[in-house]
Amino acid sequence: MLRQDAVSDSFTPATGEVAELGRTAFLKQERSDSAGQNTPRGGVVNFSEGEKTQCREPAKDLARLGYAVVPRGSLGIHTLHWPALNAFLASVPSSLAYDPYDANQARARRYGAFLFDPSSGLLQPFGRRYDPTGAPLGEYYQDAIYNPDPTAAGVRRVFAGLRDDQINSRGLHELIRADFAIAEAAGVLPGSAAYLAGVHLIAVMPRPNHPAVSSPDELHCDGEPVTAVHLVERRNVTGGENTVSAVANTGKHPKSLPAGEIIEQFTLTTPLDGFIVDDRRVSHHVAEVQVMDPDFPAGRTVVLIDFRPMKPLSNDDLPKASAPTS
Ligand SMILES: [Fe+2]
């Protein structure tokens with residue numbers, strides 16, 4: 004059986020090798036995979052040079068529309084980095100820890116952040132903490148106006164942190180740089196010498212007759228100026244449609260909207276395919292996922308990468324200070 008946690012960044016697949024391993028490891032999934040809704044396990048497999056010719060132009064779409072669907076071939080990641088990207092994606096599903104803020108235990112995740120210097124491409128782990136056992140932690144905050152879920156609104160949530168192999172993954176680093184390049188080319192990020200790149204690894208895991216939802220389960224903005232979402236895998240699930248709508252529809256469920264209010268709806272089915280949003284111009288939502296075959300484990304896993312500027316403050320940005328007393 005393919006041990007996902009044993010795949011290293013130095014793994015260099017021969018043509019078809021990874022696909023073959025994936026098929027062998029997940030024979031039991033074939034029944035549900037045959038519906039065309041699910042992905043082979045073990046990451047992105049071997050995507051071909053030919054996919055580059057199917058490219059859309061995500062930076063142009065992002066600038067014009069406020070969002071872009073980003074097929075993996077449009078990321079502009081050099082083929083040299085694909086094995087590392089495969090290894091990173093393969094590491095994700097089995098690495099996730101239950102979300103301690105989800106009482107239903109239907110979500111699992113890890114979070115970590117980097118300080119990103121676009122002039123050099125340097126990514127420096129940021130805000131990394133460890134629990135007393137040495138396990139990494141990742142702290143994430145969202146204001147209530149962006150996530151009204153009472154377990155998240157204004158709460159400094161502490162998740163499992165990115166593992167060391169993920170923090171150091173060349174594949175993840177290239178994905179962050181690729182997303183940033185799209186946002187930068189689109190001109191949707193405020194100018195800054197450095198940016199905070201937040202990385203969320205999130206799985207939703209439905210059980211039979213118990214769909215799993217992402218948080219918040221309504222059209223919303225995230226609060227970070229730009230967020231990219233990439234599919235890691237779909238395993239024995241239906242649902243999970245993504246919806247993009249106007250910011251004015253924040254707080255509404257896509258099902259409650261007239262068709263004319265939905266800008267675009269799509270389902271990510273191929274590993275690494277994704278989309279990117281200008282958070283100030285559109286709202287987004289992902290629908291619940293359901294188990295396809297109750298005899299098998301089920302889940303949908305994504306990696307989210309968000310960017311916000313790290314601006315140095317001057318005196319004028321700070322509260323007035325009182326004069327020194329003698
Ligand atoms: Fe979101």
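Count along the sequence shown from 1, add 3, and you get the number used in the numbering used here.
Beta carbons: idealized from backbone N, C-alpha and C, even for Gly.
By DSSP, does residue i sit in helix, in strand, or in coil?
i, result
"Ala-116", "strand"
"Ala-251", "helix"
"Val-191", "coil"
"Asp-296", "coil"
"Asp-320", "helix"
"Ala-109", "coil"
"Pro-86", "helix"
"Leu-260", "coil"
"Lys-31", "Low local confidence applies: a pLDDT of 34 at Lys-31 is under 50, so the model's placement there is unreliable, with the coordinate-based value given in what follows. Reduced to three states, the DSSP call for Lys-31 is helix."
"Glu-311", "Per the sequence shown, the amino acid found at residue 311 is Arg instead of Glu. The answer is strand: DSSP assigns Arg-311 an E or B state."
"Ala-100", "strand"
"Ser-325", "coil"
"Asp-281", "strand"
With distances taken between CB atoms, is the gap from residue i to residue j smaller than 8 Å?
i, j, result
"Gly-201", "Glu-227", "yes"
"Ile-279", "Asp-182", "yes"
"Val-285", "Ala-249", "yes"
"Val-289", "Gly-243", "yes"
"Pro-257", "Ile-265", "yes"
"Ile-80", "Leu-88", "yes"
"Gln-108", "Tyr-101", "yes"
"Phe-129", "Leu-204", "no"
"Ala-197", "Arg-238", "no"
"Gly-263", "Leu-222", "no"
Assuming residue i contacts residue j under a Cβ cut-off of 8 Å, what Cβ separation, rounded to an integer in Å, is found between them?
i, j, result
"Val-235", "Val-95", "5 Å"
"Ala-62", "Ile-179", "With 8 Å as the limit, Ala-62 and Ile-179 do not qualify as a contact, their Cβ atoms being about 16 Å apart."
"His-84", "Arg-173", "6 Å"
"Ser-98", "Arg-166", "6 Å"
"Pro-312", "Ser-195", "3 Å"
"His-213", "Asn-245", "Not quite, the Cβ-Cβ distance comes to about 21 Å (not below 8 Å), so this is no contact."
Can you name the residues that DSSP bridges to residue i?
i, result
"His-288", "Thr-246"
"Arg-75", "Beta-bridge pairing links Arg-75 to no other residue."
"Leu-234", "Val-305"
"Ile-265", "Ser-248"
message = Extract the residue ranges of the beta strand (DSSP E) inside the stretch 198 to 226, only unbroken runs of 3 or more that lie entirely within it.
response = You should have 198 to 207.
ask   = At which residue ranges does the stretch 121 to 187 contain complete beta strand (DSSP E) runs of 3 or more residues, listed in the order of the chain?
value = DSSP runs (the beta strand (DSSP E)) wholly in the stretch 121 to 187: 125 to 129, 139 to 144, 159 to 163.
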